[in-house]
Amino acid sequence: MPKSAVTPTRMVLNQLKGRLRTASRGHKLLKDKRDEEMRQFMDIVRRNKVLREKVDEGLSGAFAAMSMASAVMSPEMLEQSLLYARQRMELDVSHKNIMSVNVPVYHFDQQSPDESGQLPYGFAQTSGELDDALRQLYDVFNDMLELAEVEKTMQLLAEDIEKTRRRVNALEYVMIPELQENIRYITMKLAENESATKVRLMKVKEMVLQQAHHYER
Amino acid sequence: MYKIAVIGSPDTVIGFKALGLDTFPVRQPEEAHKIFKAITKADQPDEYAIIYLEENLAEALKADIDRFKDVPRPAVILIPGKDGSLGLGQSALQAAVERAVGVNIL
């Protein structure tokens with residue numbers, strides 16, 4: 001039995017058939033979308049994994065170098081040397097479209113004319129360990145930036161895949177079976193009506209004949 | 218132009234300050250919560266596009282982090298602290314996989 005009340009008429013039947021066509025086409029398209037999104041997602045997950053390991057490793061190295069530097073220098077001195085950055089780090093964000101999901105792409109160009117351009121302090125009162133630590137940190141930072149991009153992409157894509165998957169399932173397991181059920185119900189009801197009419201007509205014909213000719217069978 | 222923020226313990230963030238990032242040294246998770254709220258407010262002239270957050274603060278700021286999972290900006294990225302990695306960054310990856318696939322396939 002159909003779940004919702006449908007009027008068994010030809011007009012409704014045609015409407016339902018149209019909706020079924022649209023639903024199946026949408027289902028096919030969404031399924032393709034989901035598959036492609038999934039493929040992209042797995043690529044990104046793999047990249048994320050590698051980057052995450054690289055960043056974890058790099059940062060612990062940089063922190064270790066940093067604590068070496070702070071061991072050599074006095075804390076006040078260290079703080080003072082790092083207080084003012086040579087430049088402000090700013091970021092330009094544009095967007096890339098992956099399967100109609102807008103994901104960020106970070107552009108960032110550091111203008112450091114020479115090696116010392118990165119370092120915000122003079123060399124006289126600081127130790128070489130600090131230079132090393134900062135260089136390591138700077139190297140890791142490029143990976144961190146990429147990690148941020150990849151991780152955000154991953155999250156956004158995951159959200160969209162979830163949405164698409166739900167739509168595909170809703171169409172496949174709810175919408176399309178329900179429409180098919182309703183169509184079957186209407187077709188059967190129409191056939192039933194037709195045969196009922198036929199039987200009624202035959203009966204009427206018989207009655208009319210009997211009245212006119214006192215015709216007994 | 219967008220900015221980059223680093224929130225973590227003073228020892229962790231000091232190096233990033235030299236790189237020119239906006240650093241927010243915190244000692245208590247509550248403090249981090251307040252800062253997080255402040256820098257993610259909508260009506261700022263320059264938004265933060267990336268917020269690096271030290272892992273040990275992640276637990277306390279979970280609600281704040283989850284709020285920004287589905288929006289393009291900012292990206293909240295967990296980084297290990299000075300005391301080594303807690304593996305929370307990996308768990309973000311697993312959560313995303315679980316969300317997309319339905320099961321954890323890693």
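Chains as they are written, first to last, in the numbering used here: chain C, 1 to 217; chain G, 218 to 323. Don't be surprised by glycine CBs; every beta carbon is placed ideally from N, CA and C.
Residue i to residue j span [Cα, whole Å]
i	j	result
C/D43	C/I98	12 Å
C/M207	C/M188	29 Å
C/S60	C/V140	10 Å
G/I231	C/P104	27 Å
C/E146	C/E90	15 Å
C/Q180	G/E315	33 Å
G/V288	C/V101	11 Å
C/N169	C/G58	43 Å
C/E115	C/Y138	Reliability fails at C/E115, whose pLDDT of 49 lies under 50, so the model's placement of it is uncertain and the value that follows must be treated cautiously. So the alpha carbons of these two residues sit roughly 11 Å apart.
C/A148	G/I267	7 Å
G/E248	G/V223	14 Å
G/E271	G/P246	11 Å
C/E37	C/L78	48 Å
G/K258	G/L303	29 Å
C/P113	C/R39	Residue placement at C/P113 is flagged as unreliable, the pLDDT there being 41, under the threshold of 50; the coordinate-derived value follows with that caveat. If you take the alpha carbons of C/P113 and C/R39, they lie about 41 Å apart.
C/V12	C/L190	11 Å
C/I176	C/S195	29 Å
C/T126	G/F241	24 Å
C/S24	C/V174	12 Å
C/K205	C/R167	55 Å
C/L33	C/N14	Inspection of the sequence shows that residue 33 of chain C is occupied by Lys rather than by Leu. Each residue's alpha carbon lies about 29 Å from the other.
G/Q311	G/P297	17 Å
C/N193	C/H213	30 Å
C/K17	G/I322	39 Å
C/Y106	C/K96	10 Å
C/T197	C/R10	16 Å
G/G225	C/D35	39 Å
One or two residues paired with residue i in a DSSP bridge
i	result
C/E90	G/K220
C/V204	The partner list for C/V204 (beta bridge, DSSP) is empty, contrary to what the question assumes.
C/H27	Partner(s): none; C/H27 has no beta bridge.
C/N169	Paired residues: none, contrary to the question.
G/Y265	G/K220
C/Y106	C/V93
C/V101	C/I98
G/G225	G/P242
As assigned by DSSP and simplified to three states, the class of residue i
i	result
G/D300	coil
C/S116	For C/S116, the predicted model reports a pLDDT of 48, less than 50, meaning its position is unreliable and no value from the coordinates is stated.
G/P289	coil
C/H214	coil
C/V199	helix
G/V318	helix
G/T240	strand
C/E76	helix
G/L295	strand
C/L179	helix
C/V6	coil
G/L270	strand
G/K258	coil
G/L278	coil
C/T153	helix
G/S308	helix
C/T126	coil
Short Cβ contact (8 Å threshold) for residue i with residue j
i	j	result
C/V93	G/Y219	yes
C/T164	C/L29	no
C/D56	G/G306	yes
G/I256	G/V243	no
C/V50	C/E129	no
G/K299	G/D228	yes
C/I161	G/A309	no
C/H27	C/E178	no
C/F41	C/L157	yes
G/A235	C/L82	yes
G/A277	G/H250	yes
*Is the number of C-beta pairs between the segment 57-72 of chain C and the segment 126-136 of chain C that are closer than 8 Å three or more?*
yes
*Counting Cβ pairs, one atom from each stretch, are 3 or more of them under 8 Å apart for the segment 279-297 of chain G and the segment 149-160 of chain C?*
yes
*Stretch-stretch touch, CB-based, cutoff 8 Å, three pairs: the segment 193-213 of chain C with the segment 278-285 of chain G*: no
*Inspect the CB distances between the segment 183-197 of chain C and the segment 29-45 of chain C and report whether three or more fall short of 8 Å.*
no
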